[in-house]
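Under numbering that gives the first Met the number 0, the first residue of the sequence shown carries the number 0, and numbering increases by one thereafter.
Data first, discussion second: the structure below is written as structure tokens.
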Amino acid sequence: MDENTITDVDQVRDVLRPDELPEGFVYRMLAGCVLPRPIAWVSTKSAAGVMNLAPFSFFTVASRSPGAVVFSVGPTPDGGIKDTLANVRATGEFVVNIAPSSSMTSVNATGFAYPPDVDEFQACNIADRPSLAVSPPSVADALVSLECRLMQEVAVGSDCLVIGEVVLATAAPGHYRERLHVETSQVLGRMSGPRYVTDMRIESPTSTK
Numbered sequence: 000m001d002e003n004t005i006t007d008v009d010q011v012r013d014v015l016r017p018d019e020l021p022e023g024f025v026y027r028m029l030a031g032c033v034l035p036r037p038i039a040w041v042s043t044k045s046a047a048g049v050m051n052l053a054p055f056s057f058f059t060v061a062s063r064s065p066g067a068v069v070f071s072v073g074p075t076p077d078g079g080i081k082d083t084l085a086n087v088r089a090t091g092e093f094v095v096n097i098a099p100s101s102s103m104t105s106v107n108a109t110g111f112a113y114p115p116d117v118d119e120f121q122a123c124n125i126a127d128r129p130s131l132a133v134s135p136p137s138v139a140d141a142l143v144s145l146e147c148r149l150m151q152e153v154a155v156g157s158d159c160l161v162i163g164e165v166v167l168a169t170a171a172p173g174h175y176r177e178r179l180h181v182e183t184s185q186v187l188g189r190m191s192g193p194r195y196v197t198d199m200r201i202e203s204p205t206s207t208k
């Protein structure tokens with residue numbers, strides 16, 4: 000594919016029309032502008048008790064009260080349901096783990112497809128720890144683990160938004176400071192393609208008033 004296939008240059012801006020892009024390129028367009036994206040490293044447990052761990056970079060806060068988060072789950076390459084969504088539907092519980100930048104290789108490894116009977120914690124050699132309020136385990140080295148119960152599913156086109164109420168959170172010692180402020184820049188973020196950001200620059204704006 001060349002540039003002329005995906006752009007229409009009007010001397011000022013490159014114009015991309017979603018209905019004219021090849022299949023799969025709308026995702027690339029969006030993933031190339033919503034940057035960096037936070038990663039929900041979601042741990043779940045199947046009805047049979049098999050643990051699952053997978054990253055989702057379509058993820059954000061959904062509600063202040065009650066505290067809730069949302070992540071978007073797309074279909075498998077063959078159009079099926081991903082294990083994470085199947086497990087959430089079966090149990091109504093999941094944990095959103097926030098990974099430190101040092102976990103980049105592990106996060107990436109869990110992004111590959113595994114059969115439903117494979118435990119990604121074991122397959123990718125990732126340490127887990129028991130959660131306190133839900134059945135799925137948490138990632139032991141996560142900066143924060145948000146233990147969630149399913150509130151709602153919302154179908155949006157090809158994807159499914161999973162909205163979960165945060166019923167309990169655990170954090171690495173020192174991650175939160177006074178008034179729950181966070182100073183670390185070592186939070187893993189997703190860029191376009193198979194790339195990540197591992198050190199985000201932190202600055203405060205100078206007030207003009």
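Where is the CB? At the ideal position from N, CA and C, for every residue including glycine.
Please classify residue i as buried or exposed, where buried requires at least 16 neighbouring CB atoms within 10 angstroms.
i	result
D116	exposed
N96	buried
I125	buried
P136	buried
D13	exposed
R63	exposed
L34	exposed
F111	exposed
A46	exposed
R128	exposed
S105	buried
G163	buried
C32	exposed
T205	exposed
R189	buried
T43	buried
R36	buried
E119	buried
V41	buried
I'd like to confirm the pairing. Which residues does DSSP put opposite residue i in its beta bridges?
i	result
R16	BP columns for R16 are empty, so no partner.
N96	W40, S144
Y175	Note: Y175 sits in no beta bridge, so no partner.
V133	Bridge partners of V133: none, in fact.
D211	In the structure as shown, the chain starts at 0 and stops at 208, and residue 211 therefore has no counterpart that could be examined.
A154	C159
L149	G163
V196	G188
Got a sec, what are the start and stop residues for the alpha helix (DSSP H) residue i sits in?
i	result
D158	It is not in any alpha helix (DSSP H) - D158 instead sits in the beta strand (DSSP E) that spans 158-170.
M103	103-108
A85	82-90
A30	24-30
Where do the N-terminal and C-terminal ends of the beta strand (DSSP E) with residue i fall, by residue?
i	result
V186	Element bounds for V186: n/a, residue is neither H nor E.
F58	58-62
F55	50-55
A122	Element bounds for A122: not the beta strand (DSSP E) but the alpha helix (DSSP H), 119-122.
F111	Premise fails: F111 is in no beta strand (DSSP E) and is neither H nor E.
S206	Per DSSP, S206 belongs to no beta strand (DSSP E) and is neither H nor E.
S71	67-72
Under a CB-based cut-off of 8 Å, is residue i close to chain C?
i	result
Q185	Absent here is chain C; the protein component of the structure consists of one chain.
Would you call the segment 80-90 in contact with the segment 47-56, where contact means no fewer than 3 C-beta pairs closer than 8 Å?
With a cut-off of 8 Å, the segment 47-56 and the segment 80-90 count as touching, because enough Cβ pairs lie within range.
Indicate whether the contact test is met: 3 or more Cβ pairs, each with one atom in the segment 86-94 and one in the segment 14-21, closer than 8 Å.
No: fewer than three Cβ pairs fall under 8 Å.
Cβ contact check for the segment 102-111 and the segment 150-157: 3 or more pairs under 8 Å:
Segments in contact, no.
Measuring CB atoms only, is the segment 137-146 touching the segment 163-177, in the sense that at least three cross pairs come out at less than 8 Å?
Three or more beta-carbon pairs drawn from the segment 137-146 and the segment 163-177 are found closer than 8 Å, and the two stretches are therefore classed as touching.
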